[in-house]
Amino acid sequence: MFRKRKKPPVEIPTSSMADISFLLLLFFLVTTTIDIDTGIDLVLPPWVDNAEQVQVKSDNIANLLVNEVGDVLLDEKIIGIPQIKPEIIARIKANPKLIISYKTVRDTPYNIYISVMDQLKLAYRALRDEYSKEKFGVPAEEATEEQIQEIRKAIPQRISLAEPTQAEG
Amino acid sequence: MKFQKKIAQTQQTIPTASLPDIIFMLLIFFMVTTVLREVDVQVQYTLPEAVALEKIDNKRLLSYIWIGKDERIQIDDSILPVGAISDIAYQKRMNNPNIIMSLRIDKGSRMGIVSDVQQELRRADALRINYSALVKM
Numbered sequence: 001m002f003r004k005r006k007k008p009p010v011e012i013p014t015s016s017m018a019d020i021s022f023l024l025l026l027f028f029l030v031t032t033t034i035d036i037d038t039g040i041d042l043v044l045p046p047w048v049d050n051a052e053q054v055q056v057k058s059d060n061i062a063n064l065l066v067n068e069v070g071d072v073l074l075d076e077k078i079i080g081i082p083q084i085k086p087e088i089i090a091r092i093k094a095n096p097k098l099i100i101s102y103k104t105v106r107d108t109p110y111n112i113y114i115s116v117m118d119q120l121k122l123a124y125r126a127l128r129d130e131y132s133k134e135k136f137g138v139p140a141e142e143a144t145e146e147q148i149q150e151i152r153k154a155i156p157q158r159i160s161l162a163e164p165t166q167a168e169g
Numbered sequence: 001m002k003f004q005k006k007i008a009q010t011q012q013t014i015p016t017a018s019l020p021d022i023i024f025m026l027l028i029f030f031m032v033t034t035v036l037r038e039v040d041v042q043v044q045y046t047l048p049e050a051v052a053l054e055k056i057d058n059k060r061l062l063s064y065i066w067i068g069k070d071e072r073i074q075i076d077d078s079i080l081p082v083g084a085i086s087d088i089a090y091q092k093r094m095n096n097p098n099i100i101m102s103l104r105i106d107k108g109s110r111m112g113i114v115s116d117v118q119q120e121l122r123r124a125d126a127l128r129i130n131y132s133a134l135v136k137m
């Protein structure tokens with residue numbers, strides 16, 4: 001008679017599974033970059049072919065001018081970079097419709113441009129924070145999404161970038 | 001009186017049966033968070049420092065433009081002239097309408113070239129930009 005031969009139990013060895021997945025894990029650990037990009041956000045104005053000149057009342061404009069050595073002029077008066085923030089805060093409080101017209105020359109160093117932009121952003125951040133605390137009782141960082149939208153509506157960032165001009169002389 | 005060595009009744013081995021599962025969980029975490037295909041940056045740059053920084057959570061929205069010390073401009077893997085930026089930026093924006101152009105510009109650059117790049121981006125309608133900067137200590 002035929003008798004079925006008893007087969008040994010079939011098994012895949014799994015003891016090396018941990019080692020293999022360790023190898024993969026190490027690969028992804030090494031290739032992952034966790035660092036988060038930080039920077040200053042800005043939205044450029046859309047391109048128009050024939051730029052219409054929009055007349056804005058001169059009371060509503062703060063002219064910010066930076067020359068090629070990094071001197072800053074705010075409405076014809078020379079100002080130190082750290083003083084920009086309190087000055088802008090005071091002026092926006094006095095006139096909420098204020099537009100900041102930020103102009104540089106082609107030779108202005110980029111890091112001066114960034115530190116002035118930083119001051120403007122800090123000023124807006126402080127204003128929004130104050131508004132948020134007054135209205136919702138929480139700092140702007142802890143506000144909900146809808147509250148943030150409302151804060152943005154109440155205190156919009158009005159920074160106008162003028163095209164840099166060639167330095168004279 | 002004889003002293004008998006006490007032998008612990010509990011099991012001495014650490015159970016390793018769940019080890020692969022734990023490793024797999026870690027593995028999956030890193031696989032998901034990894035963004036592969038980093039480009040080689042061919043220009044030299046040092047980022048400026050600022051305080052009012054915003055974090056960009058979504059790296060997939062980002063596209064980088066490097067401007068080095070020698071005013072060479074790099075996008076993706078190639079060095080480009082200023083005039084070629086708008087075409088590339090336009091194509092990138094078609095693929096991803098919410099694209100954020102991250103400008104990684106050397107702090108010693110002049111505003112002239114920065115502004116030229118910005119004009120090109122405006123022409124391509126890629127209006128969301130981000131000046132990459134480091135945290136000022």
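Quick note, the sequences are listed as chains A and B, same order. Per the working numbering, the first sequence starts with residue 1, numbered consecutively. Per the working numbering, the second sequence starts with residue 1, numbered consecutively. Heads up, the beta-carbon is just placed ideally off N, CA and C, and yes, glycines get one too.
- For B/Ser132, no alpha helix (DSSP H) segment is defined; the enclosing uninterrupted segment is the beta strand (DSSP E) at Arg128 to Ser132.
- By the neighbour-count criterion, in which 16 or more other beta carbons inside 10 Å mark a residue as buried, A/Lys85 falls on the buried side.
- Under the Cβ criterion (8 Å, minimum of three pairs), the stretch 100-114 of chain A counts as touching the stretch 63-77 of chain A.
- Below 8 Å, too few C-beta pairs join the stretch 96-109 of chain B and the stretch 2-22 of chain B to call them touching: fewer than three.
- The beta carbon of A/Glu87 is closer than 8 Å to those of Leu74 and Ile79 in its chain, skipping five residues each way along the sequence.
- Legend: CB atoms of the stretch 123-155 of chain A lying less than 7 Å from CB atoms of chain B belong to residues Arg125.
- In this structure, B/Leu134 is the residue among B/Leu134, B/Gln11, B/Met25 and B/Lys5 with its C-alpha nearest to the C-alpha of B/Lys107.
- A check of alpha carbon separations from B/Asp57 across A/Asp37, A/Val56 and A/Asp71 identifies A/Asp37 as the nearest.
- Under the Cβ distance rule, B/Arg60 does not count among the residues neighbouring chain A, no pair being separated by less than 8 Å.
- A residue is called buried once 16 or more other Cβ atoms fall within 10 Å of its Cβ, and A/Ser21 is buried on that count.
- Within the stretch 49-95 of chain B, the complete alpha helix (DSSP H) segments at least 4 residues long are 85-95, listed from N- to C-terminus.
- For B/Lys69, no Cβ of chain A is located within less than 8 Å of the residue's own Cβ.
- For the stretch 18-32 of chain A, the set of positions with a beta-carbon nearer than 7 Å to some beta-carbon of chain B reads Ala18, Ser21, Phe22, Leu24, Leu25, Phe28, Leu29, Thr31 and Thr32 in chain order.
- For B/Arg93, the closest Cβ of chain A is not nearer than 8 Å.
- At a Cβ-Cβ threshold of 8 Å, A/Ile159 and A/Ile40 do not count as neighbours.
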